[in-house]
Structures are given as structure tokens and as C-alpha cells.
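Working notes for the structure below.
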Amino acid sequence: MASHEPYSDLQVVPDHLNSDKIVVEHPKYAYPKPDYNADHSPPSDQQPTTRRICGLVPKLFWGLAAGIAVAVVIAAVVGGVIGSKNASTSNDKPASSSAGTQTSSADSTTPSNTPTSTAALVISTTTEIDAKHTLLRDCPSSNNTIYNALGSSQFQFRKLCNVGFKGNAADMVNTPTSSLNDCIDLCVIYNTQNKTEIAAGKSDVCNSVCWRHGLDSDFPGQCFAATTTNSSVIGFNINYDSVECDSAGWINQVI
């Protein structure tokens, strides 16, 4: 009887089972590679790009645009204010007056036949009223200005506030008026009506007036017109004590 090798529980695996394995992925079950790095950030070729406007990032662009808009608005407002102010200044310039009010040197009382311009002069008038009187006073703004009586440059009177004139006690005019200008006009009317007598030396010339300017005066609104010294050398003979008067003297007297 043939002898047999003892049985071993080891098994021999055929050589073809030791060959390299080939793994085939089925297209149906293939998965794309992840589009993120290990730290979950996008790959460098997929980093998002920053949107730009005119080469600037949006935040900077809109900030500059807002700043320019604000500057334009401010410039428009400033321009409007300046334009309005210039227009207002132009409208406020006093127009030429039929009264011919003009400026002159502040303290001089020497007669002058060449009144200065009134372009920058503004004369204001105040009104005082009681039961019997309405007084229109333009002092002190009219002090030392020239008034053309009756609208004629032949009768130029220099106004002086809160003073009177020393002169002839005889009054050519003694009547109430509403204003100093009205008082001056009455003086000129007297000269016109008595021109022949004045030229012949039979009547005195009316060349000064005193108008009582206050309601508290003894004669509110009373106009006194008389003759006073009128010299190109010494000027008018002024009475500084007559503070109740607003006065005027004829500076280009010809009769």
C-alpha cells in the first residue's frame, strides 16, 4: 500500500491570482475631484475677482462721486447767495431824487456851488404825528446835504440839523409846514414873487430857514424864513443854541 504525505492545511494560490490589480472606475459612478483645497479655500485659479468701476473699487468710486456731488451743491448755493446779495445791493442804491439831495463835507459851512454825488447817500425820514400835526423829518441823515428847492439847481440850500442861523429878525415866512423841504420851498417862492423888489434893494432876500422839527417844540412844524450872512469867506452865521431847528441856507444866491 502506497504511503501518503501527511496532510497539510496550507493551500497554494495560483500564480495568476498574485498579479497586479487593475481598478476600473465605471463612468456612471465616477465623482469629480473637489474644487477646494484642504483648508476649504477655492483653488488659486478660481479665486473671485473684485468688480471695479473706472478702475476703482466700488466703495472708493462711490465715495468720490458723493464728494464731488456735495462740492457742486455747495458751489451752487454759494453762487446763488452771492448773486442774490449783488442784486439786492444794486436795487438798494438810491435813485436820483427830484429834490436834488446831495452830499458835501461833514463840518464845513462854507457855501459851495458844486454839490457832490448822492450815489452812496441814503436819506431816511421819520414821521411824528399828534392830533394837530404830521411832521416829516429827514435829520440827522440829511445833515450837510444839498437840496434843490422847487427842483431847480438855481436854488441850492445846504441843510444843517439841530442848529439855526443868526440874522434879520424880520421873517419873510412864518407859517407851519410838514417838512424842512417845504419850508425851504416857501422861502424860494417868496424870492421869486419879490424878485424885482429884492434886486432894487426894497426887500430883503430870503436865504435861510429854521424849521421847528419836534412835536414838543413851542411851535411844532413852524417855518421861519429870514436873511442871514452868506459869505464865501466865513460861510453862514450859525446859531448852535437853536437845537429845536433844522435849518438850511441858500449857497448859490444870485439876487
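Going by this note's numbering, the first residue of the sequence shown is number 1170, and it counts up by one from there.
Glycine included, every Cβ here is placed at the ideal spot set by N, Cα and C.
Being a predicted model, the structure only gives us computed values, none of them experimental.
Under 9 Å between C-beta atoms of residue i and residue j
i: Q1323; j: N1399; result: no
i: N1343; j: Y1316; result: no
i: S1348; j: R1381; result: no
i: A1369; j: C1379; result: no
i: L1290; j: L1384; result: no
i: I1367; j: I1424; result: yes
Residue i, DSSP secondary structure in three states
i: K1328; result: strand
i: N1317; result: strand
i: I1298; result: strand
i: F1230; result: helix
i: N1360; result: helix
i: T1365; result: helix
i: G1404; result: strand
i: L1290; result: coil
i: G1248; result: helix
i: I1424; result: coil
i: G1333; result: strand
i: G1370; result: coil
i: D1351; result: helix
Bridge partner(s) assigned by DSSP for residue i
i: A1474; result: The structure shown does not extend to residue 1474, since the chain spans only 1170 to 1424, so no value can be given for it.
i: C1414; result: R1381
i: W1419; result: F1326
i: T1344; result: C1392
i: G1306; result: What sits at residue 1306 in the sequence shown is Arg, not Gly. Answer is T1295.
Supposed close pair residue i, residue j - CB separation, criterion 8 Å
i: K1328; j: T1346; result: Incorrect: roughly 14 Å between the Cβ atoms, too far for contact.
i: T1397; j: F1405; result: 6 Å
i: S1377; j: A1339; result: That belief does not hold up - the Cβ atoms of S1377 and A1339 are roughly 12 Å apart, past 8 Å.
i: C1352; j: C1375; result: Going by Cβ atoms, the distance from C1352 to C1375 rounds to 11 Å, so no, they are not a contact pair.
Own chain partners of residue i with C-beta closer than 6 Å, once the 5 adjacent residues on each side are dropped
i: D1354; result: A1318, L1319
i: N1363; result: S1372
Cβ-based neighbour list, residue i, same chain, cut-off 7 Å, excluding 5 preceding and 5 following
i: N1408; result: V1332, G1333, F1334, K1335
i: P1309; result: C1330
i: S1386; result: E1413
i: N1312; result: K1328, L1329, C1330
i: I1360; result: According to the sequence provided, residue 1360 is Asn. The question's Ile does not apply to it. Closer than 7 Å at Cβ, skipping near neighbours: I1367, V1374, C1375, I1424.
i: H1302; result: L1384, P1389, G1390
Cβ-based neighbour list, residue i, same chain, cut-off 8 Å, excluding 5 preceding and 5 following
i: S1118; result: Only positions 1170 to 1424 of the chain appear in this structure, which leaves residue 1118 out of reach.
i: C1223; result: F1230
i: A1264; result: Interpretation of A1264 is limited by its pLDDT of 40, a score under 50 that renders its predicted location unreliable; the figure taken from the coordinates is listed afterwards. Excluding residues within five positions, none has a Cβ falling inside 8 Å.
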